[in-house]
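Number of protein chains: 2
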Amino acid sequence: MSAPDTRIDVRIDVAVTPPYPVYIGSGLLANTVAGTVAEVVTEQHVALISDEHVAAHYADRVAQALADAGKRCTRFVVASGEPSKSLATFGRLLSEMVEAGFDRGGAVLALGGGVVGDLAGYVAASYMRGVAFYQCPTSLLAMVDASVGGKTGINLPEGKNLVGAFWQPRAVVIDVDTLRTLPAAEFRQGTVELYKHGLLADASILEHVPGPDYRQDAPSDVLADLIGRSVRVKADIVAADEREQGRRAFLNLGHTLAHALEAYSHQDHHPHGPLPHGDAVAYGLLFVAHLAAARGYADETDRIRDFVRWVSPRPLNVSDFGALLPYLARDKKHVGGAQRWVLLEHIGQPTLVSDLREDELRRAWAALVAETETVS
Amino acid sequence: MSAPDTRIDVRIDVAVTPPYPVYIGSGLLANTVAGTVAEVVTEQHVALISDEHVAAHYADRVAQALADAGKRCTRFVVASGEPSKSLATFGRLLSEMVEAGFDRGGAVLALGGGVVGDLAGYVAASYMRGVAFYQCPTSLLAMVDASVGGKTGINLPEGKNLVGAFWQPRAVVIDVDTLRTLPAAEFRQGTVELYKHGLLADASILEHVPGPDYRQDAPSDVLADLIGRSVRVKADIVAADEREQGRRAFLNLGHTLAHALEAYSHQDHHPHGPLPHGDAVAYGLLFVAHLAAARGYADETDRIRDFVRWVSPRPLNVSDFGALLPYLARDKKHVGGAQRWVLLEHIGQPTLVSDLREDELRRAWAALVAETETVS
Numbered sequence: 003m004s005a006p007d008t009r010i011d012v013r014i015d016v017a018v019t020p021p022y023p024v025y026i027g028s029g030l031l032a033n034t035v036a037g038t039v040a041e042v043v044t045e046q047h048v049a050l051i052s053d054e055h056v057a058a059h060y061a062d063r064v065a066q067a068l069a070d071a072g073k074r075c076t077r078f079v080v081a082s083g084e085p086s087k088s089l090a091t092f093g094r095l096l097s098e099m100v101e102a103g104f105d106r107g108g109a110v111l112a113l114g115g116g117v118v119g120d121l122a123g124y125v126a127a128s129y130m131r132g133v134a135f136y137q138c139p140t141s142l143l144a145m146v147d148a149s150v151g152g153k154t155g156i157n158l159p160e161g162k163n164l165v166g167a168f169w170q171p172r173a174v175v176i177d178v179d180t181l182r183t184l185p186a187a188e189f190r191q192g193t194v195e196l197y198k199h200g201l202l203a204d205a206s207i208l209e210h211v212p213g214p215d216y217r218q219d220a221p222s223d224v225l226a227d228l229i230g231r232s233v234r235v236k237a238d239i240v241a242a243d244e245r246e247q248g249r250r251a252f253l254n255l256g257h258t259l260a261h262a263l264e265a266y267s268h269q270d271h272h273p274h275g276p277l278p279h280g281d282a283v284a285y286g287l288l289f290v291a292h293l294a295a296a297r298g299y300a301d302e303t304d305r306i307r308d309f310v311r312w313v314s315p316r317p318l319n320v321s322d323f324g325a326l327l328p329y330l331a332r333d334k335k336h337v338g339g340a341q342r343w344v345l346l347e348h349i350g351q352p353t354l355v356s357d358l359r360e361d362e363l364r365r366a367w368a369a370l371v372a373e374t375e376t377v378s
Numbered sequence: 003m004s005a006p007d008t009r010i011d012v013r014i015d016v017a018v019t020p021p022y023p024v025y026i027g028s029g030l031l032a033n034t035v036a037g038t039v040a041e042v043v044t045e046q047h048v049a050l051i052s053d054e055h056v057a058a059h060y061a062d063r064v065a066q067a068l069a070d071a072g073k074r075c076t077r078f079v080v081a082s083g084e085p086s087k088s089l090a091t092f093g094r095l096l097s098e099m100v101e102a103g104f105d106r107g108g109a110v111l112a113l114g115g116g117v118v119g120d121l122a123g124y125v126a127a128s129y130m131r132g133v134a135f136y137q138c139p140t141s142l143l144a145m146v147d148a149s150v151g152g153k154t155g156i157n158l159p160e161g162k163n164l165v166g167a168f169w170q171p172r173a174v175v176i177d178v179d180t181l182r183t184l185p186a187a188e189f190r191q192g193t194v195e196l197y198k199h200g201l202l203a204d205a206s207i208l209e210h211v212p213g214p215d216y217r218q219d220a221p222s223d224v225l226a227d228l229i230g231r232s233v234r235v236k237a238d239i240v241a242a243d244e245r246e247q248g249r250r251a252f253l254n255l256g257h258t259l260a261h262a263l264e265a266y267s268h269q270d271h272h273p274h275g276p277l278p279h280g281d282a283v284a285y286g287l288l289f290v291a292h293l294a295a296a297r298g299y300a301d302e303t304d305r306i307r308d309f310v311r312w313v314s315p316r317p318l319n320v321s322d323f324g325a326l327l328p329y330l331a332r333d334k335k336h337v338g339g340a341q342r343w344v345l346l347e348h349i350g351q352p353t354l355v356s357d358l359r360e361d362e363l364r365r366a367w368a369a370l371v372a373e374t375e376t377v378s
């Protein structure tokens with residue numbers, strides 16, 4: 003395998019405590035120059051955690067670069083997919099790290115999508131009460147969402163992300179070359195969060211996405227630029243609110259319904275398997291667009307409906323809104339009894355709303371269902 | 003059951019971020035006045051985590067006081083003993099909290115000894131990425147050691163405390179009345195950490211412990227005063243070094259050998275069952291006293307040998323020092339390859355030593371073994 007050239011297109015410094023850099027470009031998994039993964043990891047013993055799919059494509063490249071930089075690398079490969087975000091896999095990784103001789107001076111490097119990042123991050127947060135953590139997100143979703151924010155965690159049988167820690171990485175290395183091997187559906191899934199950041203704070207993203215120049219095979223610098231804008235939106239919000247006490251809740255735009263849809267579809271109600279996160283958030287964005295319009299905020303339902311058509315989500319397959327209510331009530335943003343929804347007053351101006359009535363939710367749901375018959 | 007009177011003898015403010023109070027006195031588990039547990043917990047839904055022994059004595063009292071203060075209390079009782087510090091129990095508690103409807107606005111209250119405190123603290127740190135945590139330590143060991151420092155965690159099959167988080171409590175309430183129901187052996191165990199704090203930074207503790215006035219049935223204010231001095235030593239060290247980067251390592255005095263002894267005894271080598279933590283630390287203190295004396299530091303071996311006799315630890319039952327070496331190498335204070343030992347230059351003056359040779363360790367071990375034949 004020949005190592006690709008290294009080019010850093012974007013560098014973002016995330017101003018949490020302590021601050022850390024996000025490098026975005028190409029050739030960053032291989033080579034050992036500034037901004038490559040082998041260079042940003044300063045510890046001598048690295049636990050490279052990946053999943054079967056990603057490891058098959060990229061683990062050799064990263065391990066070789068780490069070796070070239072004089073570091074010891076031990077690989078841990080988990081099954082691809084959400085079930086690896088379990089207490090069982092978490093415990094197995096921790097035990098294997100003990101057996102491999104890791105001490106507090108080692109580092110955990112996540113190479114993969116959101117599942118690997120969340121799981122490996124929680125392992126890093128927990129192993130001997132915390133070791134250094136680095137992220138190489140390889141899916142678009144992980145690049146624009148999970149790689150910034152410090153949220154790590156695993157699932158319980160009772161629901162997603164119910165266990166975890168806030169644990170900031172020391173650095174994030176985004177190699178957009180890895181998007182070339184991503185399934186097309188996953189590229190569209192990831193675009194949902196990228197688009198959400200546009201809605202929240204950067205209208206320039208919405209000028210390009212969706213659009214003729216926004217393609218999985220677009221030039222690396224075009225992808226790096228759009229990913230960089232999206233990461234910057236999230237980085238700015240997270241830096242202002244590291245522990246999710248206030249403004250950070252805006253990132254939850256579209257997610258209240260999405261989490262309920264995902265949880266519902268996990269309970270064997272869905273003939274095509276669990277609803278992917280991006281699909282669920284796409285529906286969630288259109289749902290809150292209807293809620294916002296009905297409240298008299300700017301009506302963005304047309305724009306967002308067009309975007310949801312581009313995403314082509316799987317069918318909703320929810321028999322009745324009442325079936326979702328128990329899952330909505332379980333959302334962990336549901337603090338002290340009041341359910342908070344994020345709505346857009348207009349593009350770039352999110353707001354928190356805690357007084358939505360069930361009849362408002364039901365009307366938005368009816369509109370969403372009527373539209374999904376045309377998009378699915 | 004009649005509620006005892008409330009009296010606060012000592013209040014210590016632990017200057018971590020954010021700071022929190024430690025109340026020490028009597029009648030603090032019952033009643034609803036300032037400094038009692040029902041008063042310091044400000045959240046409305048409380049997960050009361052305890053073990054079978056402690057719950058039988060005190061859970062009703064605490065639950066009643068919380069109810070009197072208008073709070074909802076859900077009880078979670080785990081088996082008494084170290085095996086509850088497992089991933090399995092951790093996962094079970096988290097799932098039960100979901101089922102009980104806890105959201106991020108709830109609180110975890112640990113009522114018990116070190117096992118309950120470590121486990122409940124890690125549950126609090128992990129549940130929905132962290133909820134409010136309160137501690138009511140009921141063993142002397144937990145009062146003077148585990149209740150201050152923010153260390154939480156569980157064990158792996160490979161070793162103790164290998165998984166966890168730093169998670170500071172919002173408040174600690176130490177009701178010395180609970181010491182009356184503590185088994186005498188556990189009172190002696192806890193005294194080892196209290197004594198260690200005297201060695202590290204407060205010689206006044208050593209004037210009273212051991213001694214004729216230091217008894218489990220001593221007046222509450224006498225016990226509260228000594229416990230307060232010990233807590234203050236630890237609180238001062240922790241506040242200066244919250245994340246265990248430097249000075250906090252001094253608290254490890256006696257613990258390097260102790261952890262190895264405990265791990266060794268857990269591997270079915272010990273005919274009387276695993277060596278209790280306090281016994282292990284007592285041996286560890288005498289071991290490092292020999293190392294210090296051999297290095298030319300103040301010779302405190304006589305004083306510490308007398309103390310170890312008072313503790314009456316279980317026999318060592320280690321066939322050969324070589325059998326301990328793999329366990330010593332696994333110690334998590336073992337950073338980047340260098341094993342660090344805490345030695346006393348003299349009372350009140352600890353120092354870190356990283357260049358101890360195996361022959362020095364073996365000589366101190368030989369001295370310890372020769373002495374334990376007389377103490378056991």
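Chains as they are written, first to last, in the working numbering: chain A, 3 to 378; chain B, 3 to 378. Glycine residues also receive a C-beta, built at the ideal position from the N, C-alpha and C atoms.
Backbone secondary structure at residue i - three-state DSSP
{"i": "residue 343 (chain B)", "result": "strand"}
{"i": "residue 352 (chain B)", "result": "strand"}
{"i": "residue 338 (chain A)", "result": "Low local confidence applies: a pLDDT of 48 at residue 338 (chain A) is under 50, so the model's placement there is unreliable, with the coordinate-based value given in what follows. It is coil, neither helix nor strand."}
{"i": "residue 213 (chain A)", "result": "coil"}
{"i": "residue 141 (chain A)", "result": "coil"}
{"i": "residue 197 (chain B)", "result": "helix"}
{"i": "residue 299 (chain A)", "result": "coil"}
{"i": "residue 368 (chain B)", "result": "helix"}
{"i": "residue 219 (chain A)", "result": "coil"}
{"i": "residue 15 (chain A)", "result": "strand"}
{"i": "residue 308 (chain A)", "result": "helix"}
{"i": "residue 374 (chain A)", "result": "helix"}
{"i": "residue 158 (chain B)", "result": "strand"}
{"i": "residue 361 (chain A)", "result": "helix"}
Amino acids of chain A, ordered along the chain, whose beta-carbon sits closer than 7 Å to that of residue i
{"i": "residue 97 (chain B)", "result": "158, 159, 160"}
Amino acids of chain B, ordered along the chain, whose beta-carbon sits closer than 8 Å to that of residue i
{"i": "residue 129 (chain A)", "result": "164, 165"}
7 Å Cβ cut-off: residues of chain B touching residue i
{"i": "residue 382 (chain A)", "result": "No information on residue 382 (chain A) is available, as it lies outside the stretch 3 to 378 that chain A covers here."}
Identified DSSP bridge partners for residue i
{"i": "residue 177 (chain B)", "result": "B:27"}
{"i": "residue 153 (chain B)", "result": "B:168"}
{"i": "residue 136 (chain B)", "result": "B:111, B:173"}
{"i": "residue 47 (chain B)", "result": "B:74"}
{"i": "residue 9 (chain B)", "result": "B:28"}
{"i": "residue 52 (chain B)", "result": "B:79, B:113"}
{"i": "residue 22 (chain A)", "result": "A:16"}
Inset, instruction - Return the residues of the stretch 66-100 of chain B that lie within a Cβ-Cβ distance of less than 8 Å from chain A, sorted by chain order. - result: Residues are counted here when their Cβ sits less than 8 Å from a Cβ of chain A; for the stretch 66-100 of chain B these are 89, 92, 93, 96, 97, 100, given in chain order.
Inset, instruction - Taking only runs that begin and end inside the stretch 221-284 of chain A, name each unbroken alpha helix (DSSP H) of 4 or more residues, in chain order. - result: If you keep only unbroken alpha helix (DSSP H) runs of at least 4 residues inside the stretch 221-284 of chain A, you get 222-242, 257-266.
Inset, instruction - Would you list, in chain order, the members of the stretch 163-191 of chain A that have their beta-carbon closer than 7 Å to a beta-carbon of chain B? - result: Within the stretch 163-191 of chain A, the qualifying residues are 164, 165, 166, 167, 168.
Legend entry - Cβ-based contacts, 9 Å cut-off: residues of the stretch 126-152 of chain A near chain B: From the stretch 126-152 of chain A, only 127, 128, 129, 130, 131, 132 have a Cβ closer than 9 Å to chain B.
Inset, instruction - Write down every uninterrupted run of the alpha helix (DSSP H) in the stretch 56-130 of chain A whose length is 4 residues or greater and which is fully enclosed by it, in chain order. - result: You should have 62-70, 89-101, 116-128.
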